[in-house]
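Asker: I'd like to ask you about the structure that follows.
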Amino acid sequence: MPIAVNLYQTRDAKTEAGEFLRSVQKQKQQYQGIWIVGADGKVLAGHQEHSEEKSKWTAEVMATIDAALAKAGPLTARNPEPKDVLPYWGKNVQKDGSVTLAIATRYMHQGRPINNGAIDAVTLTAKEWQEFAPPEPAKGATWRIPTKIGVEFRRCLSTVSDQSFMPKADDVTAVDFTGTVTRVKDGIASIGYAGRISSLHTHPFNKNYVTTASARLRGIGTYDMEKKEMVSLLWIFEGANRDVKATAENPLAAVVEWQRDARFETAAKR
Amino acid sequence: MKMLFRTLAMPALLALCVTASAGDPLAYEARALKDMAKLIWQDEALLRWRDIPWYIDAAEGLKAAREEKRPVLLWVTGDDPLGRC
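These protein sequence lines map, in sequence, to chains B and P.
For the first sequence, my numbering begins at 1344 and goes up steadily by one.
For the second sequence, my numbering begins at 133 and goes up steadily by one.
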């Protein structure tokens, strides 16, 4: 049974999940990673350390699973229905009106991505999401997205999800995003977004490693004037980061996407 | 007369064709951004793990494991495993 949990939220929690995690950590010392645990609560196998070669990672995980299966005894295959484990990631609106924008960031070289990068998200409350919509859906209307919201897109300045490398909110040195209604047609306002975000981040454990990053925003959105709601959003960030001591920059790009009504599809169908 | 017509009409027709093919600049920008998005998004093969029917409510997952008498594959990371990768 596949279960995915957040270490920070679970490790000290006085919940069944917290107790379970502490129990498996006692049996097999790992900070994070995978534990495969039998129905009796005994750890069958675990995996955290991985080789330097990424090409070996899949095989390492499969080896861990095989080791656990060998101890677990005969099992029949499950055939669960595919389910959308993140039904609001980049799509739809939650009951409280909040939305989650889906993000991917990659390093780029000569216009092509060169690493796996990171996937991420920004969740906005209904009130915050309203700031992306035109206050007045008339062609030419322009507005600024509040700094407090713009700062959350600092994620788009790092292709590494480790928080030691990700700029924090206080690291954002400048952010300025604006929206402009570019067209009104058939009850839909088309919106153009533009702006820039910059940051300066010091690694928490290596004070000599300071990264500067900056990216330009180009984006589009659509707004239903009758229903008074956003329909779609697509932002592209293009910029670079570098160690402040280095001269060479690392070009990067990020996409931020959201669609109001989107159906779940498995990867095979996408 | 025919010659004169051709001399005047052809450039005008050409200008019309060029204008028509310039198209809608907003549509052009949207296309360019969508193409860029496709480029940036990770390859689907890298995201196949999202098709696994993960339980993100651990209590629910543990209950299902007990009911089906199956081992648990517990994936733990700092921050949300399915949210950032």
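Glycine included, C-beta positions come from ideal geometry on N, C-alpha and C.
Closer than 7 Å by beta-carbon distance: list the chain P residues that pair up with Val1515 (chain B), in chain order.
Answerer: Within 7 Å Cβ-Cβ: nothing; Val1515 (chain B) doesn't reach chain P, min ~19 Å.
Asker: Is the segment 1442 to 1449 of chain B touching the segment 1531 to 1551 of chain B in the sense that three or more CB pairs, one from each, lie closer than 8 Å?
Answerer: No, because fewer than three Cβ pairs between the segment 1531 to 1551 of chain B and the segment 1442 to 1449 of chain B fall closer than 8 Å, the two stretches do not touch.
Asker: Decide yes or no for the touch test of the segment 162 to 173 of chain P against the segment 1556 to 1574 of chain B: beta carbon pairs closer than 8 Å, at least 3 of them.
Answerer: Yes: the two stretches touch, three or more of their Cβ pairs being nearer than 8 Å.
Asker: If you count every other CB in all the chains shown that lies within 10 Å of the CB of Leu1418 (chain B), and 16 or more means buried, which is it?
Answerer: The residue in question, Leu1418 (chain B), is exposed, as its Cβ has fewer than 16 Cβ neighbours within 10 Å.
Asker: So, with DSSP's three-state summary, where would you put Asp1514 (chain B)?
Answerer: Asp1514 (chain B): helix per DSSP, three-state reduction.
Asker: Looking at C-alpha atoms only, which residue of B:Glu1572, B:Ala1605, B:Val1553, B:Asp1463 is the closest neighbour of Ala1589 (chain B)?
Answerer: Closest by alpha carbon: B:Val1553.
Asker: Are the CB atoms of Gly1582 (chain B) and Ser1557 (chain B) nearer to each other than 8 Å?
Answerer: It is a contact, given that the beta carbons lie within the stated cut-off.
Asker: Can at least three beta-carbon pairs, one atom from the segment 1400 to 1418 of chain B and one from the segment 196 to 210 of chain P, be found at a separation below 8 Å?
Answerer: Flag = yes, the segment 1400 to 1418 of chain B and the segment 196 to 210 of chain P touch.
Asker: Determine, using beta carbons only, whether Ile1488 (chain B) and Leu1467 (chain B) come nearer to each other than 8 Å.
Answerer: Contact: no.
Asker: Under 9 Å, CB to CB, which of the residues in the segment 1567 to 1579 of chain B have a partner in chain P?
Answerer: Answer set for the segment 1567 to 1579 of chain B: Leu1577, Trp1578, Ile1579.
Asker: Would you kindly check if the distance between the Cβ of Ser1507 (chain B) and the Cβ of Phe1548 (chain B) is under 8 Å?
Answerer: Against a cut-off of 8 Å, the Cβ pair of Ser1507 (chain B) and Phe1548 (chain B) comes out as a contact.
Asker: Nearest to Ser1575 (chain B) by CA position, among B:Ile1531, B:Asn1551, B:Ala1591, B:His1546, is which residue?
Answerer: The residue with the shortest Cα to Cα distance from Ser1575 (chain B) is B:Ile1531.
Asker: Return the first residue and the last residue of the alpha helix (DSSP H) that Met1405 (chain B) is part of.
Answerer: Taken as a continuous stretch (DSSP letters only), the alpha helix (DSSP H) holding Met1405 (chain B) covers 1400 to 1415.
Asker: Any Cβ of chain P within less than 8 Å of the Cβ of Ala1537 (chain B)?
Answerer: Not one chain P Cβ lies under 8 Å of Ala1537 (chain B).
Asker: Using the rule of at least 16 other Cβ atoms within 10 Å of the residue's Cβ for burial, across every protein chain shown, is Ala1591 (chain B) buried or exposed?
Answerer: Counting Cβ neighbours within 10 Å, Ala1591 (chain B) comes out exposed, since fewer than 16 surround it.
Asker: Enumerate in chain order the residues of its own chain whose CB-to-CB distance from Val150 (chain P) is below 8 Å, with the five nearest sequence positions on each side excluded.
Answerer: Legend: pLDDT at Val150 (chain P) = 49, less than 50; position of this residue unreliable, value from coordinates given subsequently. If we look at Val150 (chain P) and ignore the five residues flanking it on each side, it has no Cβ neighbours.
Asker: Ile1540 (chain B) and Leu1595 (chain B) look like a contact to me (Cβ under 8 Å); what is the Cβ gap, rounded to whole Å?
Answerer: Not quite, the Cβ-Cβ distance comes to about 12 Å (not below 8 Å), so this is no contact.
Asker: Within the continuous alpha helix (DSSP H) that includes Pro163 (chain P), where are the two ends?
Answerer: The sequence given here places Arg at residue 163 (chain P); Pro does not occur at that position. 157 to 172 is the extent of the alpha helix (DSSP H) around Arg163 (chain P).
Asker: Count the CB pairs spanning the segment 1346 to 1356 of chain B and the segment 183 to 198 of chain P that are closer than 8 Å, and state whether there are at least three.
Answerer: Output reads yes: the segment 183 to 198 of chain P touches the segment 1346 to 1356 of chain B.
Asker: Taking the alpha-carbon positions, what's the Gly1389 (chain B) to Thr1555 (chain B) distance?
Answerer: Each residue's Cα considered, the two are about 37 Å apart.
Asker: Is the closest heavy atom of the ligand GDP to the C-beta of Phe1580 (chain B) under 7 Å?
Answerer: With respect to the ligand GDP, the structure offers nothing, as it holds no ligand at all.
Asker: Please report the straight-line C-alpha distance between Gln1352 (chain B) and Ala1382 (chain B), rounded to a whole angstrom.
Answerer: Looking at the two C-alpha atoms, the distance is approximately 24 Å.
Asker: If we ignore side chains and look at the alpha-carbon of each, how far apart do His1546 (chain B) and Asp1513 (chain B) end up?
Answerer: If you take the alpha carbons of His1546 (chain B) and Asp1513 (chain B), they lie about 13 Å apart.
Asker: Shortest alpha-carbon distance to Asn1551 (chain B) belongs to which of B:Gly1376, B:Asp1586, B:Met1568?
Answerer: Nearest option by C-alpha distance: B:Asp1586.
Asker: With a CB to CB cut of under 7 Å and the five nearest residues on each side skipped, what residues in its chain are close to Ala1464 (chain B)?
Answerer: Answer for Ala1464 (chain B): Trp1432, Thr1443, Leu1444, Ala1445, Ile1446, listed in chain order.
Asker: Indicate the three-state DSSP secondary structure (helix, strand or coil) for Asp212 (chain P) in the structure shown.
Answerer: Looking at Asp212 (chain P) - three-state DSSP - the assignment turns out to be coil, as it is neither helix nor strand.
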